[in-house]
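Numbering follows our numbering, in which position 41 of the sequence shown is assigned residue number 24; successive positions increment by one, without gaps.
Glycine included, each C-beta is placed from N, C-alpha and C at the ideal position.
Computed from a predicted model, the values in this text were never measured in an experiment.
Inspection log for the structure reproduced underneath, given as C-alpha cells.
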Amino acid sequence: MEDRSAKYRAFYAQLICAAARTADPRIEQAFRTVRREPFVGPGPWSISFGGHTYVVTPDDDPAFIYQNTLLALDSARGLNIGMPGAHAYWLSGCAVREGETVLQIGAGSGYYTAILAHLVGPCGRVHAYEIDQRLAALARENLKDIAQVELRERSGIASDLPSADVIYVCAGAAQPATEWLETLRPGGRLVFPLAPEGVHGGMLMITRPGEGTIWPAKFLGRAQFIGCAGLQDADAGRRLAEAFAKGWESVKSLRREGAPDETCWFAGEGWWLSTAPAPVLTDPIRPHADITQA
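In C-alpha cells:
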C-alpha cells in the first residue's frame, strides 16, 4: 500500500501545483513527501469541493484522499483539511524559505504544519497553535517525529508570540490581530483570511516594512474558513461582504495610522486597506480568483 501511496502522492503533488500555477519545486516536493493518511484518519472519508455537500468515499483506498478537494475532519462542524491547491498557491505567494520561523494559527490535525516544516527545513522552526482540544491531540500525535515543530494547545492571539518571518493563519478573521502584526520581523509576511465566520472573503498577505505605518498588502485570492475565536465582528463581516462584492484586486496597502481617504477599500478599527501602494512593494504575484475555500 505504501508503494501505491507514493504513486498517488507524486501525481497529487503535480496536480495541485498545476492548479495553483506554481513552478516552485520545493512546494511540489513538500506535497509529494508528506503522507496524508495520518492526518485524515481511517477511511472511508467525507470529501467536498468548495461549498458543495460532502460525498463519502466507497472505501479506504488512499487514492480518494490524493485529490484537490476538502477532506472532512468533522463534517458536522464543517472542519476540514483545506483544499491543497489553494494552500499551495498561498504558500507560493508568501515564499516560505529554508531556515525561517513560521507561526501557524489553526493547525487542525497538522497536515499543513507538516508541509510548512518541510519548507523551512531542519534549521527552521514552526510554532503551531490549535485551540480545539481534540484536533490539538491529533496534531500532537501526527507531528511528534518532526523536530522543528512545536505544537501549542491554545489561542494564537497572545502577547507572548515568538518573533516570526511568516505567520500563516488557517482561521477566518474580521481583522488582523495586533499581536500578529507586532511579532512579525521586518520583511515578514502575514497571510490570513480576511473572512469572518460565514463570509466569503479573501486571503490577504501583509508584509512588514523596515519602518513606517504603511505596509504592502495584497489579496492572493478568495477564501472562506471556520472563524478564528476572538476576531469576529458581525458589523465588520457585513461591511466586508459588501466590499468584496465590489472587487478586491485593487488593494495594495494596509495603513495603521491616519484617517481613511478616497483610496480606502475597507476600514477597520485602527487600520484600513488602501488601493494606493506602500512606498516599498513586495514581489508581484497575480491574484488567483479561482481558488476559493480551505
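Practice item. Could you pull out every residue in the same chain whose Cβ sits closer than 7 Å to the Cβ of Tyr37, ignoring the five residues on either side in sequence? Key: By 1-based counting over the sequence shown, the position of residue 37 is 54. The answer, listed in chain order, is Ser29, Ile30, Ser31, Ala55 and Ser58.
Check your understanding: Looking at C-alpha atoms only, which residue of Gly68, Leu53, Pro41 and Thr190 is the closest neighbour of Gln(-3)?
Key -> Your numbering for residue -3 matches position 14 in the sequence shown. For the residues Gly68, Leu53, Pro41 and Thr190, the minimum Cα distance to Gln(-3) belongs to Gly68.
**Study point:** Separation of Gly155 from Pro243, as counted between CA atoms
**Key:** Taking the first residue of the sequence shown as 1, we reach residue 243 at position 260. Taking the first residue of the sequence shown as 1, we reach residue 155 at position 172. Their backbone Cα atoms lie some 24 Å apart in a straight line.
Exercise for review: Could you check how far apart the C-beta atoms of Thr246 and Ala226 are, in whole angstroms? I think they sit under 8 Å.
Suggested key: Here residue 246 refers to the residue found at position 263 of the sequence shown. Here residue 226 refers to the residue found at position 243 of the sequence shown. In fact, because the Cβ distance is near 13 Å, the residues do not count as touching under 8 Å.
Review point. With contact counted as at least three CB pairs below 8 Å, one residue from each stretch, are the stretch 1 to 15 and the stretch 87 to 96 in contact?
Key: no
Check your understanding: So which of Gly181, Val182 and Met188 has the shortest CA-CA distance to Leu173?
Key -> The sequence position of residue 173 within the sequence shown is 190, counting from 1. When only C-alpha atoms are compared, the closest one is Met188.
Exercise for review: On the DSSP bridge assignment, give the partners of Ser31 in chain order.
Suggested key: Mapped onto the sequence shown, residue 31 falls at position 48. Answer by DSSP bridge pairing, in chain order: Leu53.
Exercise for review: On a CA-only basis, which of Trp73, Arg123, Ile129 and Met66 is nearest Glu136? Give me that one, please.
Suggested key: Here residue 136 refers to the residue found at position 153 of the sequence shown. Considering only alpha carbons, the answer is Arg123.
**Study point:** From Gly107, Glu113 and Ala120, residue whose alpha carbon lies closest to that of Ala130
**Key:** Numbered from 1 along the sequence shown, position 147 holds the residue referred to as residue 130. Closest option to Ala130, Cα to Cα, is Gly107.
Exercise for review: For Ala3, collect the residues of the same chain with a Cβ closer than 7 Å to its Cβ; drop the 5 residues on either side in sequence, then sort them by chain order.
Suggested key: Taking the first residue of the sequence shown as position 1, residue 3 is located at position 20. Excluding residues within five positions, the ones whose Cβ falls inside 7 Å are Gly68, Ala71, Tyr72 and Ser75.
Point to revise | Cys153 in three-state terms, based on DSSP | key: Position 170 of the sequence shown holds residue 153. It is coil, neither helix nor strand.
Review point. Residue ranges of each alpha helix (DSSP H) run of no fewer than 4 residues wholly in the stretch 100 to 172, ordered along the chain?
Key: 116 to 126 and 161 to 166
**Study point:** Thr196 burial status per 10 Å Cβ neighbour count (16 or more: buried)
**Key:** Working through the sequence shown from its first residue, we reach residue 196 at position 213. It is exposed - the Cβ of Thr196 has fewer than 16 other Cβ atoms within 10 Å.
Point to revise | Coarse secondary structure for Phe249, derived from DSSP in three states | key: For the purposes of this step, residue 249 is identified with residue 266 of the sequence shown, where counting begins at 1. Phe249: strand per DSSP, three-state reduction.
Practice item. Go ahead and pull the three-state DSSP assignment for Thr258. Key: Working through the sequence shown from its first residue, we reach residue 258 at position 275. Thr258: coil per DSSP, three-state reduction.
Review point. What are the residues that DSSP puts in a beta bridge with Trp198?
Key: Here residue 198 is taken as the residue at index 215 of the sequence shown, counted from 1. Answer is Leu237, bridged to Trp198.
**Study point:** CA nearest to the CA of Pro41, picked from Gly26, His35, Asn51 and Met186
**Key:** Looking up residue 41 in the sequence shown gives position 58. The shortest C-alpha separation from Pro41 is found at Gly26.
Check your understanding: Buried or exposed: where does Ala119 fall if 16 or more other Cβ atoms within 10 Å of its Cβ makes it buried?
Key -> Translated into positions along the sequence shown, residue 119 becomes position 136. Flag for Ala119 reads buried.
Exercise for review: Could you spell out the range, first to last residue, of the beta strand (DSSP E) harbouring Gln87?
Suggested key: The count along the sequence shown starts at 1 and reaches residue 87 at position 104. Thr84 to Ile88 is the extent of the beta strand (DSSP E) around Gln87.
Review point. Taking the alpha-carbon positions, what's the Val152 to Ala224 distance?
Key: Here residue 152 refers to the residue found at position 169 when the sequence shown is read from its first residue. Here residue 224 refers to the residue found at position 241 when the sequence shown is read from its first residue. Roughly 20 Å between the two C-alpha positions.
**Study point:** N-terminal and C-terminal residue of the alpha helix (DSSP H) that Gly93 is part of
**Key:** Numbered from 1 along the sequence shown, position 110 holds the residue referred to as residue 93. Here Gly93 belongs to no alpha helix (DSSP H), and DSSP marks it neither H nor E.
**Study point:** beta strand (DSSP E) segments (min. 3 residues) lying fully within the stretch -7 to 50
**Key:** 29 to 31
**Study point:** Reduced DSSP category for Leu214 - H, G, I as helix; E, B as strand; rest coil
**Key:** Residue 214 sits at position 231 when you count from the first residue of the sequence shown. In this structure, Leu214 counts as coil in the three-state DSSP scheme.
**Study point:** Simplified DSSP state of Arg60, which is helix, strand or coil
**Key:** Taking the sequence shown and counting its residues from 1, one reaches residue 60 at position 77. Coil.
Review point. Which residue from Asp43, Tyr49 and Leu121 puts its Cα closest to that of Val284?
Key: Limits of the chain in this structure are -16 at one end and 277 at the other, which puts residue 284 out of reach.
Check your understanding: If you compare alpha carbons, which of Asn51, Gly213 and Gly193 is closest to Pro179?
Key -> Looking up residue 179 in the sequence shown gives position 196. Comparing alpha-carbon positions, the option among Asn51, Gly213 and Gly193 lying closest to Pro179 turns out to be Gly213.
Check your understanding: Thinking C-alpha only, which one of Gly220, Pro192 and Glu232 is nearest Arg238?
Key -> Counting from 1 along the sequence shown, the entry for residue 238 is found at position 255. Check the Cα spacing between Arg238 and each of Gly220, Pro192 and Glu232: the tightest is with Pro192.
Check your understanding: So, are the CB atoms of Leu134 and Ala100 less than 8 Å apart?
Key -> Here the question's residue 134 lines up with position 151 in the sequence shown. Here the question's residue 100 lines up with position 117 in the sequence shown. Contact: no.
Practice item. Give every residue of the same chain whose Cβ lies closer than 6 Å to the Cβ of Ile98, excluding the five residues on either side of it in the sequence, and list them in chain order. Key: Taking the sequence shown and counting its residues from 1, the one referred to as residue 98 is at position 115. Excluding residues within five positions, the ones whose Cβ falls inside 6 Å are Ala13 and Val17.
**Study point:** Closest by C-alpha distance to His35, when choosing among Gly61, Gly24 and Gly104
**Key:** Position 52 of the sequence shown, counting from 1, holds the residue named residue 35. Comparing Cα-Cα distances from His35 to each of Gly61, Gly24 and Gly104, the minimum goes to Gly61.
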